[in-house]
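Participant: Can you read through this structure? Questions will come right after.
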Amino acid sequence: MTKKTDRHISPEYTSPYPVSRLAPAFNLVDLAKEIAQADEMLANRAGSQLKIIAEQMAVLQQQAKSILEQTARDQQIHRAQCNFQKKPGQIYHLYQNRHGGSILSMLSPDDWQGKPPNQFIGSYRLESDRSWTPCQGKTIEEEDNHLKVIHHLLSDPL
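Read left to right, the sequence shown gives residues 1 to 158 (the numbering used here).
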């Protein structure tokens with residue numbers, strides 16, 4: 001005999017089991033397949049999202065490495081022997097002396113008629129944020145044009 005409390009007494013649409021013969025039959029095998037399929041889909045989705053995050057982490061790691069390398073280079077240039085006051089916007093030339101020390105000069109290798117007294121390392125422009133932009137490879141004009149585009153984009157209202 002079934003107790004009255006064992007029966008569902010709320011409206012039929014809230015019943016946890018079918019109350020009509022027209023309701024679809026519950027097959028445990030089909031239910032297990034559906035759960036397995038859902039688990040597989042969720043695992044695939046999670047795997048795809050984790051792959052994207054891993055790729056982003058690799059990009060961020062490379063950017064961090066680049067920033068650290070630029071900072072080390074900028075520190076080396078700032079610590080070079082220098083007998084003048086450095087001014088932002090000016091181009092300076094880095095040399096290495098016979099003892100392995102760095103020397104920052106206003107004179108380029110051309111000013112020495114191609115025969116500088118020390119080994120030439122590179123030319124750099126001092127920026128207003130005290131960082132250094134290499135003059136070789138990407139030219140200063142290209143860097144200036146890049147900065148102008150950024151400034152224009154930031155100052156132009158949308």
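Virtual Cβ for every residue (Gly too), placed ideally from N, Cα, C.
From residue 45 to residue 59, what distance separates their C-alpha atoms?
Facilitator: Numbered from its first residue, the sequence shown carries residue 45 at position 45. Numbered from its first residue, the sequence shown carries residue 59 at position 59. The alpha-carbon atoms of residue 45 and residue 59 are separated by roughly 22 Å.
Participant: Any idea what DSSP makes of residue 48, helix, strand or coil?
Facilitator: Numbered from 1 along the sequence shown, position 48 holds the residue referred to as residue 48. Note: residue 48 maps to helix in three-state DSSP.
Participant: Going residue by residue through the stretch 112-149, where are the continuous beta strand (DSSP E) segments of at least 3 residues, counting only ones entirely within it?
Facilitator: Listed in chain order, the complete beta strand (DSSP E) runs (minimum 3 residues) inside the stretch 112-149 are 119-126, 132-134.
Participant: Between residue 115 and residue 108, what straight-line distance do the alpha-carbon atoms span, to the nearest angstrom?
Facilitator: For this step, residue 115 is matched to residue 115 along the sequence shown. For this step, residue 108 is matched to residue 108 along the sequence shown. Those two C-alpha atoms are separated by around 10 Å.
Participant: Among 112, 113, 78, 125, whose alpha-carbon lies nearest the alpha-carbon of residue 102?
Facilitator: For the purposes of this step, residue 102 is taken as residue 102 along the sequence shown, with counting starting at 1. Closest by alpha carbon: 78.
Participant: Just reading off the beta strand (DSSP E) that residue 91 is part of, what are its end residues?
Facilitator: Within the sequence shown, numbered from 1, the residue matching residue 91 stands at position 91. That run of the beta strand (DSSP E) goes 91-96.
Participant: Under three-state DSSP, which class holds residue 53?
Facilitator: The sequence position of residue 53 within the sequence shown is 53, counting from 1. Looking at residue 53 - three-state DSSP - the assignment turns out to be helix.
Participant: Buried or exposed: where does residue 13 fall if 16 or more other Cβ atoms within 10 Å of its Cβ makes it buried?
Facilitator: Here residue 13 corresponds to residue number 13 of the sequence shown, with the count starting at 1. It counts as exposed.
Participant: Would you give the residue range spanned by the beta strand (DSSP E) that residue 105 belongs to?
Facilitator: Along the sequence shown, read from residue 1 onward, the residue named residue 105 stands at position 105. Counting along the chain, the beta strand (DSSP E) containing residue 105 begins and ends at 102-105.
Participant: Where does residue 93 land, buried or exposed, given buried means 16+ other C-beta within 10 angstroms?
Facilitator: Counting from 1 along the sequence shown, the entry for residue 93 is found at position 93. Buried: at least 16 other Cβ atoms inside 10 Å.
Participant: Determine contact between the stretch 78-92 and the stretch 118-134, defined as no fewer than three beta-carbon pairs at a distance below 8 Å.
Facilitator: Yes, they touch.
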